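From first to last, the protein sequence lines stand for chains A and B.
Letter by letter, the first sequence follows residues 1 to 532 of the numbering used here.
Letter by letter, the second sequence follows residues 533 to 904 of the numbering used here.
Don't be surprised by glycine CBs; every beta carbon is placed ideally from N, CA and C.
Just so you know, these numbers come straight off a predicted model, no measurement behind them.
To start, the structure itself, in structure tokens.
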Amino acid sequence: MENESILSMRNISKEYFGNRVLKNVDFEVKKGEIHALMGENGAGKSTLMNVLFGMPVIHNTGGFEGEVFVDGQKVDFRNPRDAMLAGIGMVHQEFMLIPAFNVAENIKLGREIGHPTALSKVFGDLLDAMQWKQMAADARNALDSIGMQNIEEYAQVAGMPIGYKQFVEIAREIDKTGIKLLVFDEPTAVLTESEAERLLEIMRVIASKGIAIIFITHRLNEIMTVADTVTILRDGEFVTRKPIAETSVVQIAELMIGRKVEKLVDDTDEDKRQISEDRIALELVDYQVNMPGELVKGMDVKIREGEIFGFGGLAGQGKIGIANGIMGLYDVNGEVKVFGKTLNLSKLGEALRNGIAFVSEDRRGVGLLLNESIERNIIFSAMQIDDNFVNGPFKILDKAKANRHAREMIKNLDIRCTGPAQTAGSLSGGNQQKVCLARALTMVPRILIVAEPTRGIDIGAKKLVLEYLARINRELGVTVVMVSSELVELRSLCDRIAIVAEGKVFKVMAPDDPDAAYGLAMAGMQETAVEA
Amino acid sequence: MNKFKKVIEDIGLPRLIIGAFFLVLVVSSVFLGLKPASIFSDILRRVVMYSILVLAMVPGVQAGIGLNFGISLGIAAGLFGSVVAMEIAFRVGWTENMNAGGLWLTLGTALLLSIVLAALFGSLYGMLLNRVKGSEMTVATYVGFSIIAFMNIVWLMLYFSNGDLIWPLQGRGMRSTVSLAGSFGGILSDPVKVQATQPAWLQWLAIKAGDITLPIGAIILLTVLCILVWFFFRSKAGIAMSAAGENQLFTRSSGINVDRMRSMGTALSTVLGPIGIIVYASIYGFLQLYNAPLMMGFASVAAVLIGGATVTRANIANVLIGTLLFQGILSMALPVINEVVNIGTLPEIMRIIISNGIILYALSKTKGGRAA
Chain A
1 MENESILSMR NISKEYFGNR VLKNVDFEVK KGEIHALMGE NGAGKSTLMN
51 VLFGMPVIHN TGGFEGEVFV DGQKVDFRNP RDAMLAGIGM VHQEFMLIPA
101 FNVAENIKLG REIGHPTALS KVFGDLLDAM QWKQMAADAR NALDSIGMQN
151 IEEYAQVAGM PIGYKQFVEI AREIDKTGIK LLVFDEPTAV LTESEAERLL
201 EIMRVIASKG IAIIFITHRL NEIMTVADTV TILRDGEFVT RKPIAETSVV
251 QIAELMIGRK VEKLVDDTDE DKRQISEDRI ALELVDYQVN MPGELVKGMD
301 VKIREGEIFG FGGLAGQGKI GIANGIMGLY DVNGEVKVFG KTLNLSKLGE
351 ALRNGIAFVS EDRRGVGLLL NESIERNIIF SAMQIDDNFV NGPFKILDKA
401 KANRHAREMI KNLDIRCTGP AQTAGSLSGG NQQKVCLARA LTMVPRILIV
451 AEPTRGIDIG AKKLVLEYLA RINRELGVTV VMVSSELVEL RSLCDRIAIV
501 AEGKVFKVMA PDDPDAAYGL AMAGMQETAV EA
Chain B
533 MNKFKKVIED IGLPRLIIGA FFLVLVVSSV FLGLKPASIF SDILRRVVMY
583 SILVLAMVPG VQAGIGLNFG ISLGIAAGLF GSVVAMEIAF RVGWTENMNA
633 GGLWLTLGTA LLLSIVLAAL FGSLYGMLLN RVKGSEMTVA TYVGFSIIAF
683 MNIVWLMLYF SNGDLIWPLQ GRGMRSTVSL AGSFGGILSD PVKVQATQPA
733 WLQWLAIKAG DITLPIGAII LLTVLCILVW FFFRSKAGIA MSAAGENQLF
783 TRSSGINVDR MRSMGTALST VLGPIGIIVY ASIYGFLQLY NAPLMMGFAS
833 VAAVLIGGAT VTRANIANVL IGTLLFQGIL SMALPVINEV VNIGTLPEIM
883 RIIISNGIIL YALSKTKGGR AA
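Here it is as structure tokens:
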């Protein structure tokens, strides 16, 4: 009984306009297991899930080949509703909650419990009176069952932390009766590290109730901690299915991209940089930033010229606020000195004019003009701040020079595109990040601040971006300040890493400090009572 | 099949449908025996008349305030500048003997005055729009309506002495329609007027070639303005403005004051308004005061939308294509319907239905920014 499959998809193939995106894929999920579905972007994970849910996009493009069995029964879902009725649910990456409704209303949305009234007898059950108490009780139950006792069922969804919204979303799926299989599509992508951990626990709780989980994520360590089995797809093909216990992070990563993954940055060149305490590139003195959710509450740091300095720490502790404050996006108190000169941060663009360039953590929101060409994106800041790429008294764009520069950047950074005229919005995440980098580099900065440089991009692109950062630092002597949630990344690249906790620098560490020390620092715990 | 679909997508379904309708009208007009030359002249004249007002939409859209329904503000400035210029001309005697110099001086004064006014009020209007981010278009519509109502009071109160301007026998208050025959009407477009008033070396301003009338002066002015706007959006300031309209955070992070860019765009849009209305009036031959400009903003908005613009992006091609389609249909519809059903005022009613129908259709096709 234990090994019985809840879901089995056999020989699934799918073609979009002559392009085969799935080739004879087999996929099998057992009762009560957490099954990780892995693959790089474009490997076919989403398409496979679309097939499972009978999404219109599948049926409108000629359907698929192969068979799907749920609980041993052959099924043919024509639309997502069919799938739901068969007990398959989905936790979406982007939340489908109504902000103005409270938690219970959201959980019960579309499945409200009503009792008939005189009106509803005449006009149909849309006019039933709501049984708020019972709905609230159901919502409570669902929340409790995933261990979220601290979410009020009457709380309004608007204004909740993102993590909570995710949990409400999950509770909604759990509340559906007869749920057998839940799909989590990149559920941790938008969560903070602690929220993500919480989510993983909840997944275990759900699985222990006999509900199988399909877990799609890019984060390998999550898979290692929570999943029982992993299926790996590559370029639309089934690669392997293995129990997690018989594999490792390195192996999964290897199988996913099919080439060997080395250390994130190979640093074979001799380090010829001269870094000294006398030459300070960036100094923060009692630095405070009023960025909602990422408050910086008085920070003192000295970043030396020529080094790669990292800011790590849990989400919400303020590391993101550091960069955004310097760039003038939020109100700042305290002092910021660049090569000894104090900046007047109330003036827009002050940091840019003083040789600091910034790659935002919010690529699509802050980092790019999505509807503009790659070329326009790359030259924009340099044009506006340094009057580069313009001609004449009216500062008309020098199209030829801009184009030449864009092409050069595209080549240097290996941006995969059809040309400088392609819109930035149509690029993949990794290539968008490279465009952001190209824009920052075009300003020829002395200090480059990058926030979450590898968020949401696949392993291959990640490595390229990090290597490029190292190259800029080594070859051009640019001081790099890197803000990242990924410790591995920081430790593979940075000379020193400041762990930020509660809006302050908790501790400045060396990359080869032991894991345990990092773990403690992240949690805001001193190793000994006398740490700096 | 795929290629065919792509072509449709590139042109855009609304443009395609309205373009097809336009073609049907053109073809049927030929079959109904209407004179192609006069139809062509008529379309050309109307396109030139309206294009600058449609062009005024571009800076607003690019700067992120959406479609500038409040263009009536600029139009009001243009009308006010014009009547003041005409009053000055009357008192000083510029236009007494219809000499070319006096006419140009009047036109120049009208433009100058109204541009200054429009720049001033446009900037204030821009600041207002900065305070109502998210509902700019609704607010703009009501700013447009309000300014027209306000100007109605002004028109009634003005103590002018130019008999062309004021109500006869009354001594004050503007006429609802002011003829420009004795002033700058037609000097950019009407061959008869040009011949009568302009020196030999300016005779090219309006030409009659066979049955076709070519308003060369107005066309050149329109071309120059289009080129200026095009150049502006390739300048540093123009590019910053476009960016402010597309992504405020991005623009801020590049050290640009988004609100300033938005007010600048609004002011620029408002400044194109008076130029537009003065050229319009000059070609038309009349200044229409009081409620006449009330709905002009809607026609401009509809034209630029049909031309393929969205609430967040617009360019010169959108302006020219849109004006051609919109005004082309309006100028064709009346004679064609007249031939088909000639009952009382039915053709005129049909024309109004078609014109408002196109506006409605265009407004329903505002797809906004592409979803991320």
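Excluding five sequence neighbours on each side, which residues of the same chain lie with their C-beta closer than 7 Å to the C-beta of residue i?
| i | result |
| --- | --- |
| residue 551 of chain B | 857 |
| residue 620 of chain B | 641 |
| residue 99 of chain A | 157 and 158 |
| residue 64 of chain A | 12, 13, 14, 51 and 58 |
| residue 45 of chain A | 37, 39, 216 and 233 |
Mind checking who residue i pairs with in its DSSP beta bridge?
| i | result |
| --- | --- |
| residue 8 of chain A | A:28 and A:69 |
| residue 225 of chain A | Beta-bridge pairing links residue 225 of chain A to no other residue. |
| residue 481 of chain A | A:309 and A:449 |
| residue 233 of chain A | A:238 |
| residue 185 of chain A | A:216 |
| residue 820 of chain B | B:709 |
| residue 533 of chain A | Here chain A has residues from 1 to 532 only, and residue 533 of chain A is not among them. |
| residue 247 of chain A | Bridge partners of residue 247 of chain A: none, in fact. |
| residue 741 of chain B | B:744 |
| residue 35 of chain A | A:214 and A:229 |
| residue 115 of chain A | A:129 |
| residue 507 of chain A | A:499 |
Looking only at its own chain, which residues have a Cβ that is under 8 Å from the Cβ of residue i, when we skip the five neighbours before and after it?
| i | result |
| --- | --- |
| residue 572 of chain B | 744 |
| residue 723 of chain B | 738, 739, 740 and 745 |
| residue 849 of chain B | 839 and 840 |
| residue 735 of chain B | 726 and 727 |
| residue 472 of chain A | 441, 448, 478 and 480 |
Is residue j closer than 8 Å to residue i when the C-beta atoms are compared?
| i | j | result |
| --- | --- | --- |
| residue 715 of chain B | residue 641 of chain B | no |
| residue 181 of chain A | residue 320 of chain A | no |
| residue 585 of chain B | residue 808 of chain B | yes |
| residue 785 of chain B | residue 360 of chain A | yes |
| residue 97 of chain A | residue 165 of chain A | yes |
| residue 482 of chain A | residue 464 of chain A | no |
| residue 581 of chain B | residue 822 of chain B | no |
| residue 12 of chain A | residue 25 of chain A | yes |
| residue 161 of chain A | residue 91 of chain A | no |
| residue 400 of chain A | residue 375 of chain A | no |
| residue 310 of chain A | residue 498 of chain A | yes |
| residue 797 of chain B | residue 773 of chain B | yes |
| residue 432 of chain A | residue 368 of chain A | yes |
| residue 787 of chain B | residue 385 of chain A | yes |
Measuring straight from C-alpha to C-alpha, what distance separates residue i and residue j?
| i | j | result |
| --- | --- | --- |
| residue 56 of chain A | residue 816 of chain B | 54 Å |
| residue 260 of chain A | residue 252 of chain A | Because the pLDDT at residue 260 of chain A is just 39, under 50, the model does not fix this residue reliably, and the value given afterwards should be weighed accordingly. Rounded to whole angstroms, residue 260 of chain A to residue 252 of chain A spans 11 Å at the Cα level. |
| residue 660 of chain B | residue 212 of chain A | 56 Å |
| residue 609 of chain B | residue 650 of chain B | 6 Å |
| residue 193 of chain A | residue 214 of chain A | 20 Å |
| residue 82 of chain A | residue 35 of chain A | 22 Å |
| residue 440 of chain A | residue 356 of chain A | 9 Å |
| residue 333 of chain A | residue 341 of chain A | 16 Å |
| residue 490 of chain A | residue 469 of chain A | 12 Å |
| residue 860 of chain B | residue 687 of chain B | 32 Å |
| residue 262 of chain A | residue 466 of chain A | Summary for residue 262 of chain A: the model assigns pLDDT 45, below 50, so the residue's position carries little reliability; its value from the coordinates is reported in the next sentence. For residue 262 of chain A and residue 466 of chain A, the distance between alpha carbons rounds to 13 Å. |
| residue 548 of chain B | residue 243 of chain A | 57 Å |
| residue 779 of chain B | residue 843 of chain B | 14 Å |
| residue 322 of chain A | residue 289 of chain A | 7 Å |
| residue 484 of chain A | residue 163 of chain A | 19 Å |
What does a CB cutoff of less than 6 Å around residue i pick up in its chain, not counting 5 residues either side in sequence?
| i | result |
| --- | --- |
| residue 891 of chain B | 830 and 834 |
| residue 938 of chain B | Since the first residue of chain B shown is 533 and the last is 904, residue 938 of chain B is not available in this structure. |
| residue 167 of chain A | 148 |
| residue 409 of chain A | 378 and 438 |
| residue 512 of chain A | none |
Does the ligand MN have a heavy atom nearer than 7 Å to the CB of residue i?
| i | result |
| --- | --- |
| residue 329 of chain A | The model depicted lacks the ligand MN and carries no ligand whatsoever. |
Exercise for the section: Ignoring anything shorter than 3 residues or poking outside the region 774-819 of chain B, list the beta strand (DSSP E) runs there in chain order. Expected result: none
Exercise for the section: Can you check the region 392-460 of chain A for any beta strand (DSSP E) of at least 3 residues that lies completely inside it and give the ranges in chain order? Expected result: 447-451
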